[in-house]
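Visitor: Numbering that gives the first Met the number 0 puts the first residue of the sequence shown at 0, with every later residue one more than the last.
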Amino acid sequence: MKVNILQHTPDEGPGAIADWIHQNQHQMSIYYPAQFGVLPDVNDSDMLIILGGPMSANDNSSWIKAERRLISQMIDQNKPILGICFGAQQMAKVLGATVSDSHVKEVGWAPVYLKTNQIEGLASELVVLHWHQETFEIPKGATLLYSSEHLLNQGFIKNNLIGLQFHLEPKASNVHEMIINDYPYLANSVFHQSQADILHHQISEQNHTNLFKFLDYIAKK
Numbered sequence: 000m001k002v003n004i005l006q007h008t009p010d011e012g013p014g015a016i017a018d019w020i021h022q023n024q025h026q027m028s029i030y031y032p033a034q035f036g037v038l039p040d041v042n043d044s045d046m047l048i049i050l051g052g053p054m055s056a057n058d059n060s061s062w063i064k065a066e067r068r069l070i071s072q073m074i075d076q077n078k079p080i081l082g083i084c085f086g087a088q089q090m091a092k093v094l095g096a097t098v099s100d101s102h103v104k105e106v107g108w109a110p111v112y113l114k115t116n117q118i119e120g121l122a123s124e125l126v127v128l129h130w131h132q133e134t135f136e137i138p139k140g141a142t143l144l145y146s147s148e149h150l151l152n153q154g155f156i157k158n159n160l161i162g163l164q165f166h167l168e169p170k171a172s173n174v175h176e177m178i179i180n181d182y183p184y185l186a187n188s189v190f191h192q193s194q195a196d197i198l199h200h201q202i203s204e205q206n207h208t209n210l211f212k213f214l215d216y217i218a219k220k
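So this is what it looks like as structure tokens:
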């Protein structure tokens, strides 16, 4: 399987997603559309992973619009997509939903709560990394996947499409990259966590276990 990853900023890489790809002996290619303006061809993509980034899905950059065209083509060909943070917001817009300011800034570690049993074996609660201030509506025909204390719409699932507002993919080294490069973004977070709080938080194995379950599910759907 050819798994194409869209990475939008240097400090938000695939993390444990790459482990799943390698363990399953899939082929991985990483594209950087914000930097180079290049996207994979839909006919050369068996699965698409869309990572996060500091930009907004409501921005008018040509590459953001081109990325949504690719998402639409993937959906038309019934190919699986996992979107994370900005990636999930891009998916939501393609599916006709609105992306807007959430009026609460979530940056740091906090729990999300499972809202559907559509995928078997998922943990009912996960402590995940949040790094966002925008949110999406749940697209028509999709199911609410997760909520948090401060934000209702933390994830959605629709057939072989999964969008997550939060991050399950980071390893400790990825969190370190995010902190040293983007630490000013912690200001005014509702969680009031310091750089040290976020860096020293122990990442639960459940995060990557659940991430792998999502990837297995959409790959086989």
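All C-beta atoms in this analysis are idealised placements derived from N, C-alpha and C, irrespective of residue type, glycine included.
What you are looking at is a predicted structure, and each value in this text was computed from that prediction instead of being measured.
(1) Any chance you could list the beta strand (DSSP E) runs of at least 3 consecutive residues sitting entirely within the segment 74-145, in chain order?
(2) Tell me, which residues are paired with K157 by DSSP?
(3) Please list, in chain order, all residues of the same chain as E119 whose beta carbon is under 7 Å from its beta carbon, the five residues on each side excluded.
(4) Work out the CA separation of G52 and H175 for me, nearest whole Å.
(5) Take R68 and list the residues in its own chain whose beta-carbon comes closer than 7 Å to its own, dropping the five residues that flank it on each side.
(6) Pull up the CB-CB distance for Y141 and L210, whole angstroms please, since I reckon it's below 8 Å.
(7) For I179, does the count of other Cβ atoms within 10 angstroms reach 16, so buried, or fall short, so exposed?
(8) Look at I63 and I161 and say whether their C-beta atoms are less than 9 Å apart.
(9) Relative to the alpha-carbon of S203, which residue among N57, F190, L167, L185 has its alpha-carbon at the smallest distance?
(10) Just to confirm, is the Cβ distance from A87 to F190 under 9 Å?
(11) Evaluate Y145 with the Cβ neighbour count: other Cβ atoms within 10 Å of its Cβ, from every protein chain shown; 16 or more gives buried, anything less gives exposed.
(12) Does the distance from the CB of G82 to the CB of I29 come in under 9 Å?
(13) Pull up the distance between the alpha-carbon of V103 and that of P13, whole angstroms please.
(14) Who does K1 pair with in a DSSP beta bridge?
Guide: Taking the geometry as given:
(1) For secondary structure counted as the beta strand (DSSP E) over 3 or more consecutive residues, the segment 74-145 holds these complete runs in sequence order: 80-83, 98-113, 124-135.
(2) Beta-bridge partners of K157 (DSSP): L160.
(3) Nothing listed; no residue qualifies.
(4) Straight-line Cα distance between these residues: approximately 16 Å.
(5) No residues qualify anywhere along the chain.
(6) Rather than Tyr, the amino acid found at residue 141 in this sequence is Ala. No, A141 and L210 are not in contact; Cβ-Cβ is about 19 Å, not under 8 Å.
(7) Exposed.
(8) No, they are not a contact pair.
(9) It is L167.
(10) Going by C-beta atoms, A87 is not nearer than 9 Å to F190.
(11) With 16 or more other Cβ atoms within 10 Å, it is buried.
(12) I29 sits away from G82, with the two beta carbons spaced by 9 Å or more.
(13) CA-CA distance, V103 to P13, rounds to 26 Å.
(14) DSSP output for K1 lists Q26 as bridge partner(s).
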